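The sequence shown begins at 648 in this note's numbering and counts up one residue at a time.
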Amino acid sequence: MRNYMMAFFTSVLLAYFITPLAKKWADKVGAIDIPNDNRRVHKKPTPLLGGLAIYFACILGIIIYIPINQKILGIIAGATVIVACGYFDDIKSLSPRAKLAFQIIAALIVIYSGIRINRLTNPLVFLGGSKWIELGILSYPLTLLWIVGLTNAFNLIDGLDGLAAGVSVISSMTLFVAAILLGPEQQYVPVITAILAGSTLGFLPYNFNPAKIFMGDTGAMFLGYMLSVISAIGVLKSATALAVLIPVFAMGLPIIDTILAMIRRAANGKSMAEADKGHLHHKLIAKGYSQKQAVLTLYSISAVLGIGAVAIIEVKLKTLYFLVFLVFVVTSMGMKHLKASTNKDGKNKMDA
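Right, here's the structure in full:
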């Protein structure tokens, strides 16, 4: 545990001291977010590229505390591709196709290094049959979809000061606790999650409302990429019943928000690449929450889902099914309440 704490605090300090340098660099290269449409919540130009601080702190932490092997090199190489994509997007704004191409290349690098979701636990094992579902050749497209999907999911929730960073810290710490409980089969997952959590936490003081710097696509995509790869290394492969739900719960907020965005945009005939104001954080702001209130509310939801992720490891299968059902019901009720409240507020404003 001492090594985990050292890795965590080293990464916190690295990110904290690198972030001002990233801010100066953003000013120098003109990577500034200027609020020029009604989707923007902030009102003044703010430097981007804060993700560079998270990236360098995390990579340095990995180099210091984890023995370098083929898989670690693959993670670092893929992360570098993702950060390069985010960097150019924050400066010049890349097309959705170009960003997707970068993400696919990063995922393929990880897969080539030997990291794949090659099997899942069988949720119906109590009916008989094998404990594992071997994916075979399907492991390649599934791993690719998992990495690319989560990379974009964290990018979508990066809409309020400190939101993506705080949710990432909670998700990282959830996966850290899960990996500790799951034991030696998790290899170096606890160390990487501790490093990622520390790197993001060290950046958060500059990013919490009112933000002095944004992480930009550089940081948001990097966080989604790292969390997807971390879960693919070990947590998804654990022998715990319904182990696939551990990372799904741990990263539940961005996953839910992404699924809702896909449904919403498909229903409205819009492309997934077309931005809108229908995200969870937008709905809370429309309901009258301040930025801090909205962010803290979403932190709380993420933390509850994180507790659910840890509970999956400990509870019996029947209890687990009930827990999943309960989360589904509560989430559905919350979404319905938010939608109704937002529609009512919007109607009242129009009537006024």
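Don't be surprised by glycine CBs; every beta carbon is placed ideally from N, CA and C.
Keep in mind the model is a prediction, meaning the values are calculated, not measured.
Coil, strand or helix - P831 by DSSP: Helix, per DSSP.
Comparing alpha-carbon positions, which option in I706, A879, A704, G677 lies nearest L695? Distance check between L695 and each of I706, A879, A704, G677 places G677 closest, using alpha-carbon atoms only.
On a Cα-Cα basis, can you pick out the residue from S740, F850, L927, G697 that is closest to K671? Out of S740, F850, L927, G697, G697 has the C-alpha closest to the C-alpha of K671.
For L767, write down the residues that DSSP places opposite it in a beta bridge. In the DSSP output, where bridge partners are listed per residue, L767 has I780.
Please go through the same chain and pick out, in chain order, the residues whose beta-carbon is closer than 7 Å to the beta-carbon of A941, but skip the five residues on each side of it. L807, H928, L931, I932.
With three or more beta-carbon pairs closer than 8 Å as the criterion, would you say the stretch 722-733 touches the stretch 893-903? Between the stretch 722-733 and the stretch 893-903 there are fewer than three inter-stretch CB-CB distances shorter than 8 Å, so the stretches are not counted as touching.
Determine whether the beta carbon atoms of S878 and L828 lie at a separation below 8 Å. No, Cβ-Cβ distance for S878 and L828 is not below 8 Å.
Exposure label - I740; buried when at least 16 CB within 10 Å: It is worth fixing the name first, because residue 740 is Ser in this sequence and not Ile. It counts as exposed.
Are I706 and A726 close, meaning C-beta to C-beta below 8 Å? In this structure, A726 lies closer than 8 Å to I706 by Cβ.
For D680, write down the residues that DSSP places opposite it in a beta bridge. Paired residues: T693.
Taking contact to mean at least 3 C-beta pairs separated by less than 8 Å, is the stretch 754-771 in contact with the stretch 787-800? Yes, since at least three Cβ pairs between the stretch 754-771 and the stretch 787-800 fall closer than 8 Å, the two stretches touch.
Considering Cα atoms alone, identify which of L699, P682, A700 is closest to P692. It is P682 whose Cα lies nearest to the Cα of P692.
When burial is assigned at 16 or more other CB atoms within 10 Å of the CB, is D674 buried or exposed? When all chains shown are included, D674 counts as exposed.
Out of curiosity, what's the CA-to-CA distance linking A654 and P837? Each residue's alpha carbon lies about 10 Å from the other.
For I665, which residues from the same chain have a beta carbon less than 7 Å from its beta carbon, with the 5 sequence-adjacent residues on both sides left out? Cβ within range, chain order: A700, F703, A704.
Per DSSP, what kind of secondary structure is K934 in: helix, strand or coil? Assignment of K934 by DSSP, reduced to helix, strand and coil, places it in the coil class.
Using 8 Å as the threshold, is the C-beta distance between G849 and L661 below it? Going by C-beta atoms, G849 is nearer than 8 Å to L661.
Output needed for G881: all residues of its chain with C-beta closer than 8 Å, excluding positions within five of it in sequence on either side, in chain order. Result list for G881: A826, L829, E832, Q833, Q834, V836, in chain order.
Option in Y936, V891, V824, A800 with minimal Cα separation from D766: In the sequence as presented, Asp is not what sits at residue 766; that position holds Arg. The residue from Y936, V891, V824, A800 with its alpha-carbon nearest to that of R766 is V891.
Suppose contacts are defined by Cβ-Cβ distances below 8 Å. Is Q717 in contact with S786 by that definition? Remark: C-beta atoms of Q717 and S786 do not approach each other more closely than 8 Å.
What span of residues does the alpha helix (DSSP H) with G809 cover, start to end? Careful: G809 lies outside any alpha helix (DSSP H) and carries neither H nor E.
Look at the alpha carbon of G708 and the alpha carbon of Y651, and state the distance between them as a whole number of angstroms. Rounded to whole angstroms, G708 to Y651 spans 11 Å at the Cα level.
Beta-carbon gap between S875 and T798 smaller than 8 Å: Yes.
Express the C-alpha separation of A958 and T840 in angstroms, rounding to a whole number. One C-alpha to the other measures close to 19 Å.
How long is the line joining the alpha carbons of L900 and I910, rounded to whole angstroms? C-alpha separation (whole angstroms): 16 Å.
N- and C-terminal bounds of the alpha helix (DSSP H) containing S878: From DSSP, the alpha helix (DSSP H) with S878 extends over 863-880.
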